[in-house]
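Since the structure comes first, as C-alpha cells, the remarks are kept for the end.
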Amino acid sequence: QEQLRSLKTRVTSFSSLCQSCLSDADAGVREQAFAVLSDLLLVFGPQLPRDGREALAPLVLLPDAGLQSQLAAFLMDHVFHHACSHEELSATEDSESRIEELHQRRVLLAGFCKLIIYNVLELSAASDVFKHYAKVGGAREDRPAGPAAAWGHRALSPPLQFYSDYGDIIKETLNWTRQIDRQEWARTLLLSLQQLMTELLLQQGPEIRAAEAFLEIRDLARRFSLFFSLHQLRNRPALLSMHRYG
C-alpha cells in the first residue's frame, strides 16, 4: 500500500507537470506533453484494475474538467487548425516535411481518440472529432496561437479540409465508440451537428441554406446516417434518443 501511494503521488505530479507544459511557448514541447499525457492517462485509465488487478485501483488517474478542456483545445489548435489537402502537400516544395507534420498530427489525433475509446474521456468529447468527418470541416473557430490558445478569444474563419487527412481515424473511432453506448453515441453525433450549425449561424446569420458550409453539414449528417443503416433493430433506441434530444 505504501508503494502504491508513493507511485500515485509521482504519477499525479508528473501528470501535473505535463499539463503545465501544454501551455509552453514551444510548440514541440506542447506536442510532446500532449503525447505523454495521452499515454499516461491510457496506462492509468479505468481499465487498469480489471482482469485480476483490483489492487491497482488506487492508481487510476482520471482527467478533471480543466485537463479535458485543455486536451480538446490542444486538438483544435494543433490537429484541426493546420490541416491541408493532399493537393497542397504535393504542390509544396518541402513536401517531405509537410508529410512528416501530417503524420505527427495523425499520431496526436489517434492518441486523443484512444482516450475516448478506453473511457478515459467522456464520449461527448468525441464531438470535437466527429464534426470533422466531412470533406470540409464546416465553420471553425480560430484561436490565437501560443500558450493562451485554450483560453483566448475565438473568431470564426473559413473551413479547412480534413476528411482526406484524418477520415480513416475518425471512421474507426465512430465504429468503436458505437459499441460503448449506442444512445450516448447517437447524442454525440447530434452534438457534433449542433456545434457546426451554431458556429455557422454565428458566422453567417439565419440565411444559410445556400451556403457551402451548410451543404457540407448536411453531407456530414448523411455520412452519420450510414452508420445506422446496418442492424436497424439494434440501432432503433439510438435513433429514438437522437430524435428526442434533437
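Going by our numbering, the sequence shown opens with residue 1100, and the numbers climb by one from there.
The beta-carbon is built from N, C-alpha and C at its ideal position, and this holds for glycine as well.
Residue i, buried or exposed, once every other Cβ within 10 Å from all chains shown has been counted against 16
i       : result
Glu1315 : buried
Val1219 : buried
Leu1301 : exposed
Leu1103 : exposed
His1346 : The first residue shown for the chain is 1100 and the last is 1345, placing residue 1346 beyond what the model contains.
Ala1248 : Any reading at Ala1248 is ruled out, since the residue's pLDDT is 36, under 50, leaving its predicted position unreliable.
Pro1336 : exposed
Arg1308 : exposed
Arg1325 : The sequence shown places Leu at residue 1325, rather than the Arg named in the question. Exposed: under 16 other Cβ atoms inside 10 Å.
Pro1305 : exposed
Gly1127 : exposed
Glu1298 : buried
Asp1163 : exposed
Asp1176 : buried
Contacting residues, own chain, Cβ-Cβ under 7 Å from residue i (five flanking each side not counted)
i       : result
Ala1233 : Tyr1262, Glu1315, Asp1318, Leu1319, Arg1322
Lys1107 : Pro1157, Leu1158
Ala1225 : Ile1215, Thr1272, Thr1276, Thr1287
Gln1412 : Within the shown structure, residues of the chain are numbered from 1100 to 1345, placing residue 1412 beyond reach of any answer.
Val1135 : Cys1117
Pro1246 : Bear in mind that the predicted position of Pro1246 carries a pLDDT of just 34, short of 50, making it unreliable; the figure below should be weighed with that in mind. Around Pro1246: Ser1122, Asp1123, Ala1124.
Ile1269 : Val1228, Phe1229, His1231, Tyr1232
Trp1284 : Leu1222, Thr1276, Arg1277, Ala1337
Cutoff 6 Å; reference residue i; Cβ partners in own chain excluding five residues on either side
i       : result
Asp1123 : Arg1129
Gly1144 : Tyr1217, Val1219
Glu1200 : none
Rounded distance between the beta-carbons of residue j and residue i, thought under 8 Å
i       : j       : result
Gln1169 : Leu1121 : 5 Å
Val1178 : Arg1204 : 5 Å
Beta-carbon proximity list for residue i, same chain, < 8 Å, skipping 5 on both sides
i       : result
Leu1174 : Leu1207, Leu1208, Phe1211, Asp1227, Val1228
Gln1131 : Cys1120
Leu1147 : Leu1155, Ala1156, Leu1158, Val1159
Gly1266 : Tyr1232
Below-9 Å beta-carbon distance, residue i vs any chain D residue
i       : result
Ile1316 : Considering every chain present, this structure includes no chain D. It has just one protein chain.
Original post:
For the stretch 1112–1119 against the stretch 1134–1153, are there 3 or more C-beta pairs whose distance is under 8 Å?
Top reply: Yes, they touch.
### Sufficient close CB pairs (3 or more, under 8 Å) joining the stretch 1208–1224 to the stretch 1292–1301
Touching, no, given that fewer than three Cβ pairs across the two stretches are closer than 8 Å.
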